[in-house]
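**Q** One structure, as structure tokens, below. Some questions next.
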Amino acid sequence: MNSLLARFAENGFWMARYMERAENLARILDVNESFARDSDGEQDWLPIVQLHADDEAFFRRHAEATADAVIEFYILDRENPNSVVQTIWAARENARTLRHLISIELWSQLNVFYGSVSALRPRDLSLAQLSRLCQSIKEGCQLHTGIVEGTTFRDQSWLFYQLGKIIDRADQTTRLLDIKYHRLLPHVADVGTSIDVSQWNALLRSVAGYHGYRRVRPSGMSPESVAEFILLNAAFPRSVACCVERIRYYLDLIASNPDLAGVAFAADGLVDLEMQMSMSMKEVIGEGLHEYLDRAQINLQRLTNAIDRTFFNAQPAAPTSQSQYQ
Amino acid sequence: MNSLLDGYDPHGFYCELLGSPAFAAEHTQVIRDWLSRTRPRALRKRAQDCERELYNLGITFTVYSERDSIDRVLPFDVVPRPISATEWAHLERGLVQRVTAMNLFLRDVYGPGQIFRDGIIPAHLVKGNENYRPEMADIDVPFNSFVNICGVDLVRGGDGIFRVLEDNARTPSGVSYVVENRHLMLRAFPDLMSGVGIRPVSDYGIRLRDALAEMAPAAVDDAQIVLMSPGSYNSAYFEHVFLAREMGVPLVEGQDLEVVDGLVYMKTTAGPKRVDVIYRRIGDDFLDPLVFRSDSILGVAGIMDVYRKGRVTLANAVGTGVADDKAVYAYMPRIIKYYLDQEALIPNVETHICGEPEALRFTLDNLENLVVKPVGESGGYGVVVGSKASLQELADCRALISAHPENYISQPIVDLSVCPTLVDGGLAARHVDLRPFLITGKSTWVLPGGLTRVALKEGSLIVNSSQGGGTKDTWVLE
Numbered sequence: 001m002n003s004l005l006a007r008f009a010e011n012g013f014w015m016a017r018y019m020e021r022a023e024n025l026a027r028i029l030d031v032n033e034s035f036a037r038d039s040d041g042e043q044d045w046l047p048i049v050q051l052h053a054d055d056e057a058f059f060r061r062h063a064e065a066t067a068d069a070v071i072e073f074y075i076l077d078r079e080n081p082n083s084v085v086q087t088i089w090a091a092r093e094n095a096r097t098l099r100h101l102i103s104i105e106l107w108s109q110l111n112v113f114y115g116s117v118s119a120l121r122p123r124d125l126s127l128a129q130l131s132r133l134c135q136s137i138k139e140g141c142q143l144h145t146g147i148v149e150g151t152t153f154r155d156q157s158w159l160f161y162q163l164g165k166i167i168d169r170a171d172q173t174t175r176l177l178d179i180k181y182h183r184l185l186p187h188v189a190d191v192g193t194s195i196d197v198s199q200w201n202a203l204l205r206s207v208a209g210y211h212g213y214r215r216v217r218p219s220g221m222s223p224e225s226v227a228e229f230i231l232l233n234a235a236f237p238r239s240v241a242c243c244v245e246r247i248r249y250y251l252d253l254i255a256s257n258p259d260l261a262g263v264a265f266a267a268d269g270l271v272d273l274e275m276q277m278s279m280s281m282k283e284v285i286g287e288g289l290h291e292y293l294d295r296a297q298i299n300l301q302r303l304t305n306a307i308d309r310t311f312f313n314a315q316p317a318a319p320t321s322q323s324q325y326q
Numbered sequence: 327m328n329s330l331l332d333g334y335d336p337h338g339f340y341c342e343l344l345g346s347p348a349f350a351a352e353h354t355q356v357i358r359d360w361l362s363r364t365r366p367r368a369l370r371k372r373a374q375d376c377e378r379e380l381y382n383l384g385i386t387f388t389v390y391s392e393r394d395s396i397d398r399v400l401p402f403d404v405v406p407r408p409i410s411a412t413e414w415a416h417l418e419r420g421l422v423q424r425v426t427a428m429n430l431f432l433r434d435v436y437g438p439g440q441i442f443r444d445g446i447i448p449a450h451l452v453k454g455n456e457n458y459r460p461e462m463a464d465i466d467v468p469f470n471s472f473v474n475i476c477g478v479d480l481v482r483g484g485d486g487i488f489r490v491l492e493d494n495a496r497t498p499s500g501v502s503y504v505v506e507n508r509h510l511m512l513r514a515f516p517d518l519m520s521g522v523g524i525r526p527v528s529d530y531g532i533r534l535r536d537a538l539a540e541m542a543p544a545a546v547d548d549a550q551i552v553l554m555s556p557g558s559y560n561s562a563y564f565e566h567v568f569l570a571r572e573m574g575v576p577l578v579e580g581q582d583l584e585v586v587d588g589l590v591y592m593k594t595t596a597g598p599k600r601v602d603v604i605y606r607r608i609g610d611d612f613l614d615p616l617v618f619r620s621d622s623i624l625g626v627a628g629i630m631d632v633y634r635k636g637r638v639t640l641a642n643a644v645g646t647g648v649a650d651d652k653a654v655y656a657y658m659p660r661i662i663k664y665y666l667d668q669e670a671l672i673p674n675v676e677t678h679i680c681g682e683p684e685a686l687r688f689t690l691d692n693l694e695n696l697v698v699k700p701v702g703e704s705g706g707y708g709v710v711v712g713s714k715a716s717l718q719e720l721a722d723c724r725a726l727i728s729a730h731p732e733n734y735i736s737q738p739i740v741d742l743s744v745c746p747t748l749v750d751g752g753l754a755a756r757h758v759d760l761r762p763f764l765i766t767g768k769s770t771w772v773l774p775g776g777l778t779r780v781a782l783k784e785g786s787l788i789v790n791s792s793q794g795g796g797t798k799d800t801w802v803l804e
């Protein structure tokens, strides 16, 4: 019998979520710099603010969503809980609490990684260097993932870590798609009409899905098929469908874990999520993509609340990124 | 070739590497040979590697500012501090003797109180002490082991004799550095370490776990042991992590524990699970808001009641602070004699209890040659070293002692031994002390060596990490 303190399960869950967020953010910033140019060749940085629902916080501090302002806000800004430095800080604070359970290598890498990110200064963020910087942040996160894979003891805390990671990934993907799709295609009626290929291209690249998409669709590019790929292609690791499959997989492992025998867990939202993933793209468009994604996000939140309530002994309040680092 | 030991001068102090004119330290030959073969630049390079590694591994203590946490590395000096097998055998016996007497003393003061009736130590000194816990009266502790984890601060004077400077019988810290320093040395100096027989220290966690399991309440066989920490914002958090990891036990905080129906439980993902033994790294004051400080949010309400009924073990026991108090310390040689009918194998540093008229007079008359220590403080704060104090500081100190003599003791300034230490100009003599650690369950085990603390500032006698001290690896040679 190997028991795990509820608090540590929660720390593991959130450490994973924060690292997943940091990686996603680095991807999005990188791609925006390289590919997301509009028809006048200008980059548009506002969607990144909208993606994180940070409009209010951002415009309190900056008059305009310029490249410099957005990049600084999302990499260096200590007041912004969604910035790279703050998400890695929060991951490290969770790891600090877990230090006696995680491998020394895991802690050491996160500690050094945080040290290098917190040493960044505004002059390190110039557009010329941004891609290389995002690359190194991404690699830091991937190194973390690799160390977790290679050194973590496969007990309950591993399961909660994996669950946190995959739930956050599903959440990120739904939000990204929601913002992008609406921005690029304000009206459903426009589906199939003129599109800005470079924008869709950028969207795919930001989720590391461009080459996968090309394998499925060797020629052409339609908004509908891009959305379908990112949402429903279960072979694509950042798709919502793939994440939902993994959620089911880890919850099954939790249900059969002898250390958790006798715990009754109702996976609120999961059945509906699975139902959503079985829909065709036509049905999704029929429901309205925004409505569909909204429903998926609510389902993910219900699931998170159920995990919270059952395993972490927490109040069923919606967790926010600001309050979960302890 | 320019040797590191050329020009090294112990300035007349006893040197842990070279010995003294009266006693040549032959056992350290292999280390001296190595030092004379090593170039200063090479040593410095390895020292820098060690420091970076300590930081990367997070072997740090944390200083919190308003906005952020700053992790600091406790400075590590790469020149080891050797102890010969013969010296260690003597120290080991003396330390076991001391902790044995301490436990007998605690059983007596919280039980029959024979020692007071026999007039060995004034009752008011113990029962009037702020660390005395009347709640402990007549509690049975397995094997009468009250002090399960003990750290004893030893110093060596110019005569080469080790003496006890202070006992730590509450929550002594520093053992994690002993083990981590050794691991660091093994990685950084494989060439040196392979030629020398050194007693290992890495089984501390296993020894501690075994002793704690022995201490479990009766009729519990597979004891659930936990380590209880004040939390990740505590400056000693690394040590708590280290100990929990080495023992393979959960690192809990007060918020993770609760008392239900007369037992202590921890909150797990699978619901409440019974806890049998708690190695607690929080002070008595904070343990139970129903019994001690009511404002404590670090403790567990109702835990003292469970403890008193023998249904959970706390290590160390509650109330051990009367055994390591600086005023009681002065009586330790007499306490050893009283319970064991033996002379103390490791003597005390000569101590004057200012609460006694003659000692007070002596202290006030010789202030500039004495170290004055407040009773009941720890961490080196409030200590006045007479020879280093200004006239104003001496006058302030004199006024404080005169106003409350019972709050102070004084001791002669011990000419602490030195050990070669890497400084900017090469190797220089710096003062060191030694804190060995003892674990007591059914019987007592002493970790070979202990924590060597070094005062990195030239001439400084204060080795505390909070006051600019560093550490060294301590080698008990085979």
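Residue numbers (this note's numbering), protein chains in the order written: chain S, 1 to 326; chain U, 327 to 804. C-beta: ideal position from N, C-alpha, C; glycine also.
#1: What separation, rounded to the nearest whole angstrom, lies between the Cα atoms of THR364(U) and LEU510(U)?
#2: Whole angstroms are fine: how far does the CA of ASN494(U) sit from the CA of ARG687(U)?
#3: Name the one or two DSSP bridge partners that ASN494(U) has.
#4: Apart from the five residues just before and just after ARG21(S), which ones in its own chain have a Cβ nearer than 8 Å to its Cβ?
#5: By Cβ distance, which residues of its chain are closer than 7 Å to VAL452(U), with the 5 residues on each side in sequence left out?
#6: On the DSSP bridge assignment, give the partners of THR386(U) in chain order.
#7: Is the number of C-beta pairs between the stretch 296 to 316 of chain S and the stretch 329 to 338 of chain U that are closer than 8 Å three or more?
#8: Measure the beta-carbon distance from ILE71(S) to LEU125(S) and round it to whole angstroms, keeping in mind my assumption that it falls under 8 Å.
#9: Counting only Cβ pairs nearer than 8 Å, list the residues of chain S close to ILE554(U).
#10: What do you reckon, are the CB atoms on LEU343(U) and ALA351(U) nearer than 8 Å?
#11: Count the other CB atoms, across all protein chains shown, that sit within 10 Å of the CB of LYS768(U); report buried if there are 16 or more and exposed otherwise.
#12: Take TRP771(U) and list the residues in its own chain whose beta-carbon comes closer than 6 Å to its own, dropping the five residues that flank it on each side.
#13: Count the other CB atoms within 10 Å of the CB of GLY580(U); is the residue buried (16 or more) or exposed (fewer)?
#14: What residues from chain U crowd round PHE311(S), counting only those whose CB sits closer than 7 Å?
#15: Are there 16 or more other CB atoms within 10 angstroms of the CB of PRO556(U), so buried, or fewer, so exposed?
#16: Could you spell out the range, first to last residue, of the beta strand (DSSP E) harbouring VAL749(U)?
#17: The alpha helix (DSSP H) that contains LYS652(U), what's its start and end?
#18: If you draw a straight line from the alpha carbon of ASN313(S) to that of THR595(U), how long is it in whole angstroms?
#19: Leaving out five residues on either side along the sequence, give the residues of the same chain with a beta carbon under 6 Å from the beta carbon of ARG99(S).
#20: Just the chain S side, please: which residues come within less than 7 Å of LEU577(U) by C-beta, in chain order?
#21: Suppose the cutoff is 8 Å on Cβ atoms and the five residues either side in sequence are ignored; what does the same chain contact list for TRP200(S) look like?
#22: Would VAL758(U) pass as a contact of ARG489(U) if the rule is Cβ separation under 8 Å?
#23: Could you confirm whether any beta carbon from chain C is found closer than 8 Å to the beta carbon of ASN233(S)?
#24: Measure the C-alpha to C-alpha separation of MET541(U) and THR426(U) and round it to an integer number of angstroms.
#25: Could you tell me the distance, in whole angstroms, from the CA atom of PRO316(S) to the CA atom of GLU584(U)?
#26: So with CB distances below 7 Å, who are the chain S contacts of GLY752(U)?
#27: Measuring alpha carbon to alpha carbon, tell me which residue in GLY794(U), LEU417(U), ALA539(U), ILE788(U) is nearest TYR605(U).
#28: Which ranges would you report for the alpha helix (DSSP H) in the stretch 2 to 72 of chain S if only whole runs of at least 4 residues count?
#29: Taking its Cβ as the centre, do 16 or more other Cβ atoms sit within 10 Å of GLY705(U), making it buried, or is it exposed?
#30: With DSSP run on the structure shown, which of helix, strand or coil describes VAL526(U)?
#31: Less than 8 Å between CB atoms is the rule here; does GLY384(U) satisfy it with respect to chain S?
#32: When burial is assigned at 16 or more other CB atoms within 10 Å of the CB, is ARG154(S) buried or exposed?
#33: Mind checking if SER331(S) is an interface residue toward chain U, Cβ cutoff 8 Å exclusive?
#34: Taking GLY445(U) as the reference, give the member of GLU682(U), VAL697(U), ARG660(U) with the closest Cα.
#35: Taking any Cβ of chain S, which residues in the stretch 517 to 530 of chain U have a Cβ under 8 Å from it, in chain order?
#36: Inspect the beta-carbon positions of ARG398(U) and THR412(U) and report whether they are closer than 8 Å.
**A** According to the structure data:
#1: 18 Å
#2: 28 Å
#3: GLY477(U)
#4: ASN82, THR87, ASP168, GLN172, SER321
#5: VAL435, TYR458, VAL648, VAL654
#6: VAL399(U)
#7: no
#8: 5 Å
#9: According to the sequence displayed, residue 554(U) carries Met and not Ile. Those do not exist, as MET554(U) stays about 12 Å from chain S at its closest Cβ, beyond 8 Å.
#10: yes
#11: exposed
#12: ARG533, ILE765
#13: buried
#14: THR595
#15: buried
#16: 744 to 749
#17: 652 to 655
#18: 8 Å
#19: TRP107
#20: HIS100
#21: LEU184, MET221, PRO223, VAL226
#22: no
#23: The question asks about chain C, but that chain is absent: this structure's protein chains are S and U.
#24: 16 Å
#25: Legend: pLDDT at PRO316(S) = 34, less than 50; position of this residue unreliable, value from coordinates given subsequently. So the alpha carbons of these two residues sit roughly 21 Å apart.
#26: By Cβ distance, chain S contributes nothing, its closest Cβ being about 31 Å from GLY752(U), past 7 Å.
#27: ALA539(U)
#28: 6 to 34, 46 to 51, 55 to 61
#29: Here GLY705(U) scores only 47 on pLDDT, less than 50, and its place in the model should not be relied on; the value that follows carries that caveat. Exposed is the call here.
#30: The sequence as given places Pro at residue 526(U); Val does not occur at that position. Here PRO526(U) sits in coil by DSSP.
#31: yes
#32: exposed
#33: Outside the shown range of chain S (1 to 326) lies residue 331(S), about which nothing can therefore be said.
#34: ARG660(U)
#35: none
#36: no
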